[in-house]
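Quick notes on the structure that follows.
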Amino acid sequence: MDDLKNLEDVLEMLRVQEQMQEILEKQQDEIEELRMENRSLKEQLDESMNSNEQLLKQGKRLNEQIGKLKEQISELKN
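Using our numbering, you'd call the opening residue of the sequence shown number 21 and step up by one each time.
In structure tokens, the structure reads:
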């Protein structure tokens with residue numbers, strides 16, 4: 021009788037272990053999906069930052085050109 025109880029206990033432990041393994045595998049899949057999503061978001065952020073840098077440079081150049089044009093207009097008025 022004790023042997024039967026021990027076997028049942030072992031079987032139950034194996035079932036629990038199998039369930040835990042399934043949960044772990046699902047969590048690992050979710051972690052991998054999150055890593056991929058994170059990688060994609062980082063790439064988008066990098067692209068956005070590069071774009072912002074380019075826009076900032078263009079804005080500075082335009083401001084310089086505007087300043088030069090204002091000077092030229094001022095000189096022409098005199």
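C-beta: ideal position from N, C-alpha, C; glycine also. Computed from a prediction, not measured in an experiment: that's the story for all the values here.
Host alpha helix (DSSP H) of M21 (start-end): Careful: M21 lies outside any alpha helix (DSSP H) and carries neither H nor E.
N98 by DSSP, collapsed to three states: which one? coil
How many Å lie between N26 and R35 at the Cα? If you take the alpha carbons of N26 and R35, they lie about 14 Å apart.
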